[in-house]
Amino acid sequence: MIYVNKKIKLLVAILLSVFGIYFAFKGEDFDTLALQIKSVKLKELTFAILLLILSCIPRAIRWKQLMQPFDSIPFSHVFSATMIGYFGNGVLVFRLGEFLKAYAVSKKYRITASQAFGTVIVERMLDLLMVFVILLTLVPWFPFYDNNIKVGTYASISVLLLSLIVIISIVKYNVLKKISSFKIFGSNFGKSILKALNKVLEGVSIIRNNNNIISIILISIILWFMYYMVTLLVLSACDINLSVFDIGVLLVLSSFLLGIPALPGSAGTLDIGVKYVLMYIFHITSVKALNYSIISHAVSYFPLLIIGLMYFLISNVSISDIKKRKFD
Numbered sequence: 193m194i195y196v197n198k199k200i201k202l203l204v205a206i207l208l209s210v211f212g213i214y215f216a217f218k219g220e221d222f223d224t225l226a227l228q229i230k231s232v233k234l235k236e237l238t239f240a241i242l243l244l245i246l247s248c249i250p251r252a253i254r255w256k257q258l259m260q261p262f263d264s265i266p267f268s269h270v271f272s273a274t275m276i277g278y279f280g281n282g283v284l285v286f287r288l289g290e291f292l293k294a295y296a297v298s299k300k301y302r303i304t305a306s307q308a309f310g311t312v313i314v315e316r317m318l319d320l321l322m323v324f325v326i327l328l329t330l331v332p333w334f335p336f337y338d339n340n341i342k343v344g345t346y347a348s349i350s351v352l353l354l355s356l357i358v359i360i361s362i363v364k365y366n367v368l369k370k371i372s373s374f375k376i377f378g379s380n381f382g383k384s385i386l387k388a389l390n391k392v393l394e395g396v397s398i399i400r401n402n403n404n405i406i407s408i409i410l411i412s413i414i415l416w417f418m419y420y421m422v423t424l425l426v427l428s429a430c431d432i433n434l435s436v437f438d439i440g441v442l443l444v445l446s447s448f449l450l451g452i453p454a455l456p457g458s459a460g461t462l463d464i465g466v467k468y469v470l471m472y473i474f475h476i477t478s479v480k481a482l483n484y485s486i487i488s489h490a491v492s493y494f495p496l497l498i499i500g501l502m503y504f505l506i507s508n509v510s511i512s513d514i515k516k517r518k519f520d
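Going by our numbering, the letters in the sequence shown line up with residues 193 to 520, in that order.
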């Protein structure tokens, strides 16, 4: 499923990351920044790291339940694959860690790598849905004094609502089957579009046919509450005080920033994005905003990368495996 040449994608990712890193640090006093980093409260930071690591448990449980229609896989194996996925996303471009995660969980079990990858897509859909729910909940408290923020927020809500309506309509009226014979879908690009839509519909089917749907929704709520608490703890560690609703706004906007193409670990794009969100929406000083951006990025990246590396090293999975497998 390739819409743009991989070399072009990689070049864009590199440019965005370099641009992000440059402008995130441009004009900053590094001595003041060093003092800010040294003043971070280790107690709150430690709790944030522990909570983030613990959040991998409900994420693995939810994924295990999503795969239940295909195979009953032990939690330990699902958790291992989850952590391997974090490692993959931390070192590979194009979020290939998701493929590595799907391949790792399919080893030794009936579920195929393609089916496992389908459930990974469902995971992302559920996370997007949770961000959408949080966004809708926070609309009354959103900082709409900035017209650009207002336009961006309503545009995001409109796109998400429209996407949900389109997906529901396609499923209900079996649209894909009716349009698959159209001439436009005979080209390579058209086939790629159909393939992508089929993956989304497979994901919807996985949710519809799953007996654990209530449990999956509850786990999703718990998972995102944990992410909220991690955000709160890191803010506290960096001596930044935001309201309950402002923390939710920061969490939502940070989640959108993670979707921007970049080098592994959202290098640069997350740093500059979070910094400017804190500066222009919440009026936090530049150096303090950058300090939080660096610390929060480190908290979300290194602990899961290290644990994921450990699981990867003791597994019988190699990065080259995903190049040999087809996930169509």
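Ideal placement from N, C-alpha and C gives every residue a C-beta, glycine not left out.
The DSSP-derived three-state label of Leu424 is helix.
Listed in chain order, the alpha helix (DSSP H) runs fully inside the stretch 346–399 are 367–371, counting runs of at least 4 residues.
Taking one beta carbon from each stretch, the stretch 267–280 and the stretch 404–419 have fewer than 3 pairs nearer than 8 Å; the two do not touch. Burial state of Val509 is buried, judged by a 10 Å Cβ sphere holding 16 or more other Cβ atoms. Residue state for Ala454 is assigned as coil, using DSSP reduced to three classes.
Closest in C-alpha terms to Leu442, from the list Ile511, Thr345, Asp263, Ser512, comes Thr345. Note that the C-beta distance between Ala454 and Ala216 is not below 8 Å. Bounds of the alpha helix (DSSP H) holding Arg316 are 305–330.
Of the candidates Asp463, Ile499, Ser407, Lys218, the residue whose Cα lies closest to the Cα of Arg254 is Ser407. Each of Phe222, Ser428, Val466 was checked against the Cα of His489, and the nearest Cα belongs to Val466.
Put simply, the backbone Cα of Leu288 is about 10 Å away from that of Tyr278.
Under the 8 Å Cβ criterion, the stretch 219–234 counts as touching the stretch 477–486, having at least three qualifying pairs. Around the Cβ of Val436, a 10 Å sphere holds fewer than 16 other Cβ atoms; the residue is exposed. Using a 10 angstroms sphere on the CB of Pro332, the tally of other CB atoms stays under 16, which defines it as exposed. The way I'd put it, the stretch 234–241 does touch the stretch 416–433; three or more beta-carbon pairs between them come closer than 8 Å.
Ala252 is not bridged by DSSP to any residue. Per the coordinates, the alpha-carbon of Ile499 lies some 23 Å from the alpha-carbon of Asp463. Per DSSP, Ala296 has no beta bridge partner at all.
Boundaries for Leu288: no alpha helix (DSSP H) harbours it, and the DSSP string shows neither H nor E there. Around Ala308, the same chain offers Ala294, Val297, Ser298 as residues with beta carbons nearer than 6 Å, after the five sequence neighbours per side are excluded.
Going by DSSP, Asp223 is part of the alpha helix (DSSP H) stretching over 222–230.
Excluding sequence positions up to five before and after Ser447, its CB lies within less than 7 Å of the CB of Val323, all in the same chain and listed in chain order. From the listed residues Lys201, Met259, Lys233, Gly212, the smallest Cα separation to Ser397 is found for Met259.
Counting every other CB atom within 10 Å of its CB across the protein chains shown gives Lys256 a total of 16 or more, marking it as buried.
According to the DSSP assignment, Thr238 belongs to the alpha helix (DSSP H) that extends over 234–246.
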